[in-house]
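Using UniProt numbering, count along the sequence shown one by one with no gaps and you end on 209. Some notes on the structure that comes next.
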Amino acid sequence: MILPIFIASLLFASSSFAAVQDFCVGDLNGPEGPAGYSCKKAAKVTVDDFVFSGLGAGGNTSNIIKAAVTPAFSAQFPGVNGLGISMARLDLAAGGVIPMHTHPGASEVLVVVQGSICAGFISSANAVYFKSLKKGDIMVFPQGLLHFQINAGGSPALAFVSFSSPVPGLQILDYALFGNNLPTELIAQTTFLDPATIKKLKGVLGGSG
Ligand SMILES: *[C@@H]1O[C@H](CO)[C@@H](O)[C@H](O)[C@H]1NC(C)=O
């Protein structure tokens with residue numbers, strides 16, 4: 001008796017899913033809420049809403065981290081709005097690093113396309129998982145955990161990452177601590193770092209106070 005009811009409920013579930021819209025290309029002129037952007041009118045949607053050509057070229061790595069992240073999140077690629085996915089391109093020049101950071105809204109999968117990358121994350125139990133990855137290797141970074149990528153070779157490295165959200169979010173630990181006006185004294189009290197080190201890092205990362 002249970003099985004036919006179960007199958008009937010699956011049929012009911014799938015037929016009701018068919019009634020919802022296939023996609024919701026983001027209307028970037030509208031407001032953005034917790035569920036993403038509102039939908040562009042279906043009559044105005046074209047194939048180009050589902051294609052993003054911005055990951056073909058490397059980002060500019062002439063910066064302090066010698067690295068560039070080129071996102072294809074819903075703000076750049078409105079076609080992923082509402083679909084629970086997105087992508088980005090990582091370019092790491094020799095010596096480049098994507099500093100310790102989290103994506104509050106998404107898990108991540110990274111695939112190395114060129115060069116080698118030392119990547120790792122830290123669990124909420126403070127266990128460390130890191131490895132030197134070579135071309136073709138992929139690694140996952142669970143949602144919300146601190147993680148990093150470092151160029152592990154002497155030549156440029158390239159990776160593509162995908163996310164389990166069209167809006168993964170990004171918080172870089174050093175900028176959160178040293179790139180704003182949080183008073184040095186409070187940072188010292190909450191991190192046990194000495195004030196001279198904090199002021200030096202604020203100088204490097206654009207913070208004050
Ligand atoms: C890369 O960024 C640097 C620093 O902002 C700038 O001087 C340089 O012109 C940029 N290069 C390109 C190709 O845009």
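All C-beta atoms in this analysis are idealised placements derived from N, C-alpha and C, irrespective of residue type, glycine included.
- S53 has its alpha-carbon roughly 13 Å from the corresponding atom of V47.
- Cβ-Cβ distances below 7 Å link V109 to I138, V140, V161, S162 in the same chain, with the five nearest sequence neighbours on each side left out; the list follows chain order.
- At a Cβ-Cβ threshold of 9 Å, G59 and V45 do not count as neighbours.
- Of H101, P99, A106, A88, the smallest CA-CA separation from V112 is found for A88.
- With a threshold of 8 Å, the Cβ atom of S86 does not count as near ligand 1, since no heavy atom of the ligand is closer than that.
- Taking each of M100, I117, G115 in turn and checking the Cα distance to L145, the smallest one comes out for M100.
- The nearest non-hydrogen atom of ligand 1 is less than 8 Å from the C-beta of N60.
- Residues G58, R89, L90, D91, L92, V112, V113, Q114, G115 of the same chain have their beta carbon placed closer than 8 Å to that of L158, with the five preceding and five following residues left out of the count.
- Looking only at V20, G206, C118, the smallest Cα-Cα distance to G96 is reached by C118.
- In the structure shown, the three-state DSSP call for K200 is helix.
- Rounded to the nearest whole angstrom, the CA to CA distance from V167 to Q76 is 10 Å.
- With a threshold of 8 Å, the Cβ atom of N180 does not count as near ligand 1, since no heavy atom of the ligand is closer than that.
- In this structure, DSSP gives G154 a state outside helix and strand, which the three-state scheme calls coil.
- Judged by DSSP in its simplified three-state form, F178 adopts helix.
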